[in-house]
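Student: In the working numbering, the protein residues as written are 1 to 156.
1) Apart from the five residues on each side of it in sequence, which residues of its chain come closer than 8 Å, Cβ to Cβ, to residue 109?
2) Flag this pair as touching only if the region 89 to 107 and the region 27 to 42 have three or more C-beta atom pairs under 8 Å; answer yes or no.
3) Using a Cβ-Cβ cut-off of 7 Å (strictly less than) and excluding sequence neighbours within five positions of residue 1, which residues of its own chain qualify?
4) Distance check for residue 119 and residue 113, CA to CA, integer angstroms please.
5) Taking 8 Å as the cut-off, decide whether the C-beta atoms of residue 105 and residue 45 are in contact.
6) Could you pull out every residue in the same chain whose Cβ sits closer than 7 Å to the Cβ of residue 115, ignoring the five residues on either side in sequence?
7) So, at 6 Å on beta carbons, what are the nonlocal neighbours of residue 35 in its own chain, with the 5 sequence-adjacent residues on each side left out?
8) Does DSSP put residue 83 in a helix, a strand or coil?
9) Counting C-beta neighbours from all protein chains within 10 Å, is the total for residue 77 16 or more, i.e. buried, or is it exposed?
10) For residue 154, collect the residues of the same chain with a Cβ closer than 6 Å to its Cβ; drop the 5 residues on either side in sequence, then sort them by chain order.
11) What residue from 18, 82, 58 has the CA that sits closest to residue 89's CA?
12) What does the Cβ neighbour count give for residue 68, buried or exposed, with the cut at 16 atoms within 10 Å?
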């Protein structure tokens with residue numbers, strides 16, 4: 001396993017802990033990820049979680065911007081000032097902190113969603129609504145997606 005794939009719903013225990021899905025823990029182990037970094041999604045009520053690749057993604061974007069510009073400062077504050085490290089315990093659990101709960105609305109259950117090199121944390125009902133809307137949106141785009149991938153026919 002080399003990517004975060006699928007979605008899983010897990011219960012939050014009485015102490016606010018939740019087990020990371022075993023397949024996600026396997027990816028974390030295989031990649032040698034020692035620290036998980038979390039950021040609030042800018043477009044959804046979700047938390048983006050990943051290893052060094054997640055932070056490197058934002059740092060590459062920042063390198064392309066003038067370090068004295070407002071955009072650079074905004075990106076830096078978002079990446080460094082608004083992020084948090086998630087600690088895992090010996091059983092592969094993370095704590096649903098106020099940082100996570102306030103942005104996502106997570107209460108007693110969490111949906112873990114694989115996004116290849118990272119994963120997201122969602123309140124289950126919000127993820128189901130998002131997933132349903134996403135499927136409809138993609139269904140509407142399907143004809144144009146098929147046309148883009150289809151080979152061009154030439155007249156004889």
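Glycine included, every Cβ here is placed at the ideal spot set by N, Cα and C.
Since we're looking at a predicted model, the values are computed, not measured.
Tutor: From the atom records:
1) 9, 10, 11, 12, 123, 124
2) yes
3) 23, 26, 27, 30
4) 5 Å
5) yes
6) 4
7) 85
8) strand
9) exposed
10) The pLDDT assigned to residue 154 is 49, lower than 50, so where the model puts this residue is not dependable; a value taken from the coordinates is nonetheless given after this. Excluding residues within five positions, none has a Cβ falling inside 6 Å.
11) 18
12) exposed
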